[in-house]
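S.K.: Residue numbering for the sequence shown is 856 to 1835, as defined by my numbering.
We treat Cβ as the ideally placed atom computed from N, Cα and C, and that holds for glycine.
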Amino acid sequence: MLQGANCLNLGHHLGLDNYFSSPKLFIDLYNEHTTATGTVRVNRKGLPKQILKQSLQNQEVAERRKGPLLCVAYKDGNRRPVLPSTVARAGYDNVVNRRGQNIRKPSIVQVYNKAMGGVDLSDAKVYTYLAERRTLKWTKKVFISLIGRALLNSYILYSKNVEGRVLNRHSYNISVIESFVGDYRPSKIPRKRRSMQDIAEARNQPINGSFSRIHPLPVYMMAEETRRSLRVMKRAAMPMVEPPITLQRAPTRGPTKSGAQSSKEYRERLKAERPEEYARQLERAKTRNKKNRAEATDETKKASNEKTAVRMARYRERKKAEEAEKKTTRGGILAHEAQKEKWREEYKKRASAMSHQKRTAINAKRRQKYAEQKALETPVPAPAAEPVPTAVTDDPLDERSTTAKRKALQRVRSRLPANKAAAVETLASTVKTLTPRSKQRFFGKAGLGEEAAIGRSVLQSLQNCKNKSSASASIRRSLFPHLKSLSNSKKGKLTRTCPKTIRRLQAKPRKSRPQSIILAQDFFRQQAVILPHKKSVSKKTGEINTFLQQTLLQLHCEFLKQKNASLSFSCFAKCRPVTVRLLNSATFNMCLCEYCTNVWLKVTALNKSHSLAIRGEVEAVKTTVCSLESKVCTHRQCSKCGVDNFPATDPDKQMSWHRWEMKDVVFKDKQIKRKVLATKTGAAADLVCELKRELTFLSEHLFRARFQHARFLQCKESASNDGVAVMVLDFAENFACIYQNEVQSAHWHHQQATIHPTVVYYKCGHCGDVMTESVVAISDDLTHDHHAVHQFTKATLQHLQNTRQLLLQSVHMWSDGCASQYKSKGPFADLAHFWQDFGVTAERHYFGSRHGKGASDGESAVVKSAATRAIKANQAVIATASDMFGFCQNRLEVEPSRDGSCKHFLRHFIFTPSSSIKRDRDRQPLVIKGSQKLHWLKAERDGSIEGSYLSCCCPGVCSQECRDAVGPKHYFKYKEGEFV
C-alpha cells in the first residue's frame, strides 16, 4: 500500500495498531527510510522472550533492543502493552498527572500517542454521528462510512473558514440534511388499515410515525417512482432537475428479530421457492469455507474448534430433549440399537488405523471425562452435624427409634415359648412363611447362612493377598480360579473347599538373586552413554544421568548371552539404576551417528509402509550377517550372509523417507554446504537399494564401535595394576560467562571459557580397587588444538605425580578421532616424544567413529550445570575464565578423606592461562598415511610408534583371536628428525 502511494523513502513516521504490526514489518520499513511506532500482539514472531516472560510491577517497563528496533513492555494497571519502535529511545521521559497522582510513562508511549492520536480522534468524531447498522451489506456500510468522513471533513473546513458563531456537529448535520430535503414534507396518508405487505415493505420506519433523526443518505427514503425517474434521466444524459421527494410514513414496527433468525428464515424461504439458487449458494459457501480452513491460522482453528464444541453440545442437548419427548416403541429401540452397533463398527475401523499415540490420547481423554461425570454423580458428604437423639438404621424403610425397636423385641421375646427348642421351631416357621425377597433381606440383614460365611472368608483372603502381594502368589493362583468359576455356578456360590484350601496354603518367598541383580546393574551402567547436556545432571545429588542406546528387550537378550545369568525380563528391568535413563527421556537426541541415523530413518519408513518388524539399525544389520561379533561377516567376507538377505518388499510401492545429506545453503550472502535433513520420495525399490548400500558399510562400522567399547572396558579394568593410568579426554563446548541482572549493552560482549575434562582411572593406594578422578582444565584460550591438549595433559600428569604421588609407568589415553586435537600429524608427533616430555610410555586409543561419548562429557555437563544454577540464583558472578575456575574450585572440588578412608571418586580443577600454551614449539610433525583407519597407536621410548586397525590391550603376547580382530600392526620409526 505504501509503495503504491509512493510514501516510502521520504522520512515519514508511521503509527500502527497491533492488527498490522510485527517486528519484521518495522525492520523492513526502517530499511526503506521510514520509521514507525505502534503496538504489537504478544504472539508475533521475532519478539524478545525476556520481556514477555519477565514479571513487572505497576508502572514498570522491560526493554530490549536489536539493531534499530526497540521493544518495550509497559505495565499500566491491568494492561501490559508491548510497543516496538524504530525512532523512540529507552527510559522514562515524561510525567502525567492522572487523578491527582503523578504517573511516569516511557518516552515510547508519548511517541505512540502523538502518532496515533489523530487516527483515534478521527474515528471517535466520525462514529459519534454515523448511522451504521449491522444488517447492512458491506458495500453500503463502506459507502455510508465514506459519507460520514466527508461530512466530518466538510465540518472541519466549515469551522476553520466561518466567521462568527460556529455551529456544533449535531446542528451542522441537521442543517445539511435540511438543505438536502428542502421544503418537502411527508405526504398525508389517510388512516386506514394497512395490509401485511405494506407493513413488511415499511418495516424499518419508527412506530410512532415520526422520522429518524439522522439520515446518512436521504435518497434511501425516496419513493420508487422518483428513483426510477432519476435512472431514466441519467441514461438520457439530460440535465439533472431536482425531483420532489416523497417521504413515507413509518409503519408500526413489530418485535425485532436477530440477524441469525432473519438469515435462517431467508434460507428456508429460498430453499422452498428457489431450490436451484439455494444449491448454488451452498456450493459457494462450501468452496469459501474450504478456502478459509486452508488459510486459517492455529489461533483461528482453536477458536473455531471451541465454538464448534459448544454448538455441538447444545445440539446434542436439544436432540436428547427431543428424544425424551418422543414415545418409546419397540421398533424405535431396535433402530437405536442398530444405529449404535453401526457406530461401534465404524469406530473399530477408525481405531485400527490410528497410531498408538492417538489411541492413548483418546483413551486418556475418555477416562478423564468418565472421572468428571462420576465426580458429579457422587454425592458430596455432608459435614458432621450434632448427633440427633433418634438413631437411624441402615434400612431406609425402618424409621423407628431405638426405644421402639427395643420394645418390639421385648414383645417378641415375651410371646415366644419358654422351651428353647419350641422357640427355635417357632422362629424357623415364621421365616419359612416369608416371601423370597423378604427371606433374602432377612438373611442379609442378620448375616446368617452358608453364603455369608464363605463370602467373609473369601474377603479376608483377598485382603491378605492385597497386603502381601509379593509373597502370596500361591494364594492368588488358588483363589482366582474359584472366583472365575462363579460365572458357571447356578447361584453364584463358592465351593465348600475354597476357604479350606486357602487356609491351608502358605506363602512361599521368592528366591533371591543378589549376584544376578548386581551383574544386571553393572551391565546397565556399562551400556549407557553420557551426553554433554547441562539438563542431564541431577539438581539434588549433582550426579550425571546416563542414557541407554537400545531398548530394554534388546539389552536383556545381550545380558543373557554375555553374563550367562538366569534373570527374567521384568526383574532385569527393575534392576535399572535410577541414574540410567531410557533414550526417549532425553530432551533432544543430539550428537547422533550419521550412518546409524540414516539407516534407522529408512527402516522406520519401511516399518510403516510394509509392516516390517525391524527394531532399529542394529536389527537391520543382524538380518544381513551371521553374527555381529564375527569380523568375517561384518566385513562382508562371508559367503553365507550379505545384504541380499534383507526382507523383501513391494518394489513398486511409492513412499517417502528422510535422510541426512549435504546441501548448498545461503548463509550471510554466501553459498556454503551444510548437513540438513532432506525428504526423499520414490519407489520402495529405490529405498531398499540405497539401504543395502548403507548396510554394507554399517556392519563394519558397528563392529568397530562395539569392539572399541569392549576394549575400553578391558583397559579400564587394567587400571588396577601398579603404574598404569587410563585417561578419557575430550573438549566440552565453551561456557559463556553470562550475568543474571544484565544491562542491555553487555549482551553482545560475553567472554567464554574453555573446559577440557580428563577422567583418570588408577589404582587406589589403600584397597587396590580402581579409583576415578576427574581433572578439569579451565582456560581463557579459545583455540582447541593439539597444543592446548599437550599443555592440559602435562598439567594432569604433574598433578597425578606430585599431588597424588603416583609412580606412573604407562598411560592409556582414550578420545574421539578429532583431527585438530587428537588424530593428526601434530598429536602423533607429541605421542612419539611422550617419553622425552614426561618419562612415561603412552598409548592412544580412539573410540569408534561418531560413537565416542565418554565419562568426560558427563563431567563437563556437571561443571556447566552447577555454574548456570549459581548464576541464576545470584550466588556467584562469573565474568571470566578465572572466575569460573575460582567458583569450581570452591564449590565442586572433591578431595580425599582426611581420616585416610577410601574415597573412590575425586575431582580437581586446573587453570591454564593462554600465555602458558606454546604454539611455536620446534617439533617436526609426523605424517602417517591412512591414519583414519587406525584406532590404536603405541609409542616406545626410542620414538617408534606401533599402530593397528583396532585397539590391543593384551598385557603380553596377543592371542590368535585378538590378532584376527585387530589385524596387522604397522610400525613408524623416528630417525634423524624424520619419521620413516
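For W1198, is the classification buried or exposed, using 16 other Cβ atoms within 10 angstroms of its Cβ as the cut-off for buried?
M.R.: Stepping through the sequence shown from its first residue, residue 1198 is reached at position 343. Flag for W1198 reads exposed.
S.K.: Any idea which residues DSSP pairs V1520 with across the strands?
M.R.: Within the sequence shown, numbered from 1, the residue matching residue 1520 stands at position 665. Its beta-bridge partners are I1527.
S.K.: Could you work out which residue in Y1701, K969 and S1030 is closest to V1581 when comparing CA atoms only?
M.R.: As a first step, residue 1581 is located in the sequence shown; it is residue number 726 there, counting from the start. Of the candidates Y1701, K969 and S1030, the one whose C-alpha sits nearest the C-alpha of V1581 is Y1701.
S.K.: Can you tell me whether D1524 is buried or exposed? The criterion is at least 16 other CB atoms within 10 Å of its CB, across all chains shown.
M.R.: Locating residue 1524 in the sequence shown gives position 669, where the first residue counts as 1. Classification for D1524: exposed.
S.K.: Measuring only the C-alpha atoms, how far is N1663 from Q1656?
M.R.: Along the sequence shown, one-based indexing puts residue 1663 at 808. Along the sequence shown, one-based indexing puts residue 1656 at 801. Here residue 1663 is Leu; the residue named in the question, Asn, does not match the sequence. The alpha-carbon atoms of L1663 and Q1656 are separated by roughly 7 Å.
S.K.: Going by beta carbon distance, what residues of the same chain come within less than 6 Å of S1679, once the five residues before and after it are set aside?
M.R.: On the sequence shown, position 824 is the one that residue 1679 refers to. None.
S.K.: Rounded to whole angstroms, what is the Cα-Cα separation between V916 and A1608?
M.R.: As a first step, residue 916 is located in the sequence shown; it is residue number 61 there, counting from the start. As a first step, residue 1608 is located in the sequence shown; it is residue number 753 there, counting from the start. So the alpha carbons of these two residues sit roughly 33 Å apart.
S.K.: Where T1536 and V1543 are concerned, what is the direct C-alpha to C-alpha distance, given to the nearest angstrom?
M.R.: The sequence position of residue 1536 within the sequence shown is 681, counting from 1. The sequence position of residue 1543 within the sequence shown is 688, counting from 1. In a straight line, the C-alpha of T1536 is about 12 Å away from that of V1543.
S.K.: For the alpha helix (DSSP H) containing V1454, name the first residue and the last one.
M.R.: Locating residue 1454 in the sequence shown gives position 599, where the first residue counts as 1. Taken as a continuous stretch (DSSP letters only), the alpha helix (DSSP H) holding V1454 covers E1449 to H1465.
S.K.: Which stretch, first to last residue, makes up the beta strand (DSSP E) that contains T1696?
M.R.: Residue 1696 sits at position 841 when you count from the first residue of the sequence shown. Per DSSP, T1696 belongs to the beta strand (DSSP E) from T1696 to Y1701.
S.K.: Under a three-way DSSP split, which group does W1603 fall into?
M.R.: As a first step, residue 1603 must be located in the sequence shown, where it is residue number 748. Correct three-state label for W1603: coil.
S.K.: Evaluate contact between the region 1501-1515 and the region 1417-1437, counting only Cβ atoms and requiring at least three cross-stretch pairs below 8 Å.
M.R.: Segments in contact, no.
S.K.: Ignoring anything shorter than 4 residues, give me the alpha helix (DSSP H) runs that lie fully in the region 901-962, in order along the chain.
M.R.: With a minimum length of 4 residues, the continuous alpha helix (DSSP H) runs that stay inside the region 901-962 are 904-908.
S.K.: E1254 to K1260, Cα distance in whole Å?
M.R.: Locating residue 1254 in the sequence shown gives position 399, counting from the first residue. Locating residue 1260 in the sequence shown gives position 405, counting from the first residue. When rounded, the distance between both Cα atoms is 10 Å.
S.K.: Please check the pair Q1676 and D1636, which I expect to be a contact at CB under 8 Å, by giving their CB distance rounded to whole angstroms.
M.R.: In the sequence shown, residue 1676 corresponds to position 821, counting from 1. In the sequence shown, residue 1636 corresponds to position 781, counting from 1. Incorrect: roughly 13 Å between the Cβ atoms, too far for contact.
S.K.: Look up I1188 in the DSSP assignment and give the residues it is bridged to.
M.R.: For the purposes of this step, residue 1188 is taken as residue 333 along the sequence shown, with counting starting at 1. DSSP output for I1188 lists no bridge partner at all.
S.K.: What three-state label does DSSP hand M971 in the structure shown?
M.R.: For the purposes of this step, residue 971 is taken as residue 116 along the sequence shown, with counting starting at 1. M971: helix per DSSP, three-state reduction.
S.K.: Quick one: does K1788 have its CB under 9 Å from some CB of chain D?
M.R.: No chain D appears in this structure, which consists of one protein chain only.
S.K.: DSSP three-state label for C1817, please.
M.R.: For this step, residue 1817 is matched to residue 962 along the sequence shown. The answer is helix: DSSP assigns C1817 an H, G or I state.
S.K.: Applying the 10 Å Cβ sphere with the 16-neighbour rule, what's the burial state of S910?
M.R.: Along the sequence shown, read from residue 1 onward, the residue named residue 910 stands at position 55. By the neighbour-count rule (16 or more Cβ atoms within 10 Å), S910 is not buried but exposed.
S.K.: Helix, strand or coil for T1489 per DSSP?
M.R.: Counting from one through the sequence shown, the residue named residue 1489 turns up at place 634. Note: T1489 maps to helix in three-state DSSP.
S.K.: Between Q1595, V1531 and T1163, which lies nearest to N1729 when the distance is taken from Cα to Cα?
M.R.: Translated into positions along the sequence shown, residue 1729 becomes position 874. Of the listed residues, the one whose Cα sits closest to N1729 is Q1595.
S.K.: Counting Cβ pairs, one atom from each stretch, are 3 or more of them under 8 Å apart for the region 1627-1635 and the region 1719-1739?
M.R.: Yes: the two stretches touch, three or more of their Cβ pairs being nearer than 8 Å.
S.K.: Check for me: the alpha helix (DSSP H) holding C1412 runs from which residue to which?
M.R.: Working through the sequence shown from its first residue, we reach residue 1412 at position 557. Its alpha helix (DSSP H) spans residues L1407 to K1418.
S.K.: Do the CB positions of S1553 and C1481 come within less than 9 Å of each other?
M.R.: In the sequence shown, residue 1553 corresponds to position 698, counting from 1. In the sequence shown, residue 1481 corresponds to position 626, counting from 1. For the sequence presented, residue 1553 should be read as Leu rather than Ser. No, the pair does not count as a contact, with Cβ atoms beyond the cut-off.
S.K.: From which residue to which residue does the alpha helix (DSSP H) around E1120 run?
M.R.: Position 265 of the sequence shown, counting from 1, holds the residue named residue 1120. Start and end: G1114 to E1128.
S.K.: Give a yes or no on contact between the region 1482-1491 and the region 1556-1573, applying the rule of three or more CB pairs nearer than 8 Å.
M.R.: They touch, by the three-pair rule.
S.K.: Helix, strand or coil, according to DSSP, for H1763 in the structure here?
M.R.: In the sequence shown, residue 1763 corresponds to position 908, counting from 1. Strand at H1763.
S.K.: Taking the alpha-carbon positions, what's the M1093 to L976 distance?
M.R.: Position 238 of the sequence shown, counting from 1, holds the residue named residue 1093. Position 121 of the sequence shown, counting from 1, holds the residue named residue 976. Residue placement at M1093 cannot be trusted, given a pLDDT of 41 that sits under 50; the coordinates are not used to answer.
S.K.: I need the DSSP call for E1678, collapsed to helix, strand or coil.
M.R.: The count along the sequence shown starts at 1 and reaches residue 1678 at position 823. The question names Glu, but residue 1678 is Lys in the sequence shown. Coil.
S.K.: When the Cα atoms are used, what is the spatial distance from Q1492 to S1803?
M.R.: Along the sequence shown, one-based indexing puts residue 1492 at 637. Along the sequence shown, one-based indexing puts residue 1803 at 948. If you take the alpha carbons of Q1492 and S1803, they lie about 20 Å apart.
S.K.: List the endpoints of the continuous beta strand (DSSP E) containing S1648.
M.R.: Position 793 of the sequence shown, counting from 1, holds the residue named residue 1648. Before going further, note that residue 1648 is Thr rather than Ser in the sequence given. Per DSSP, T1648 belongs to no beta strand (DSSP E); it is in the alpha helix (DSSP H), H1641 to Q1653.
S.K.: How would you write the range of the alpha helix (DSSP H) that F1586 sits in, first residue to last?
M.R.: Position 731 of the sequence shown, counting from 1, holds the residue named residue 1586. That residue, F1586, is in no alpha helix (DSSP H); it is neither H nor E in DSSP.
S.K.: Kindly indicate which three-state DSSP category R1268 falls into: helix, strand or coil?
M.R.: The count along the sequence shown starts at 1 and reaches residue 1268 at position 413. Helix at R1268.
S.K.: Give the range of the beta strand (DSSP E) segment to which M1626 is assigned.
M.R.: As a first step, residue 1626 is located in the sequence shown; it is residue number 771 there, counting from the start. It spans V1625 to S1634 - the beta strand (DSSP E) in which M1626 sits, taken as one unbroken run.
S.K.: Taking just the CA atoms, how far does A1716 sit from S1665?
M.R.: For the purposes of this step, residue 1665 is identified with residue 810 of the sequence shown, where counting begins at 1. For the purposes of this step, residue 1716 is identified with residue 861 of the sequence shown, where counting begins at 1. In a straight line, the C-alpha of S1665 is about 29 Å away from that of A1716.
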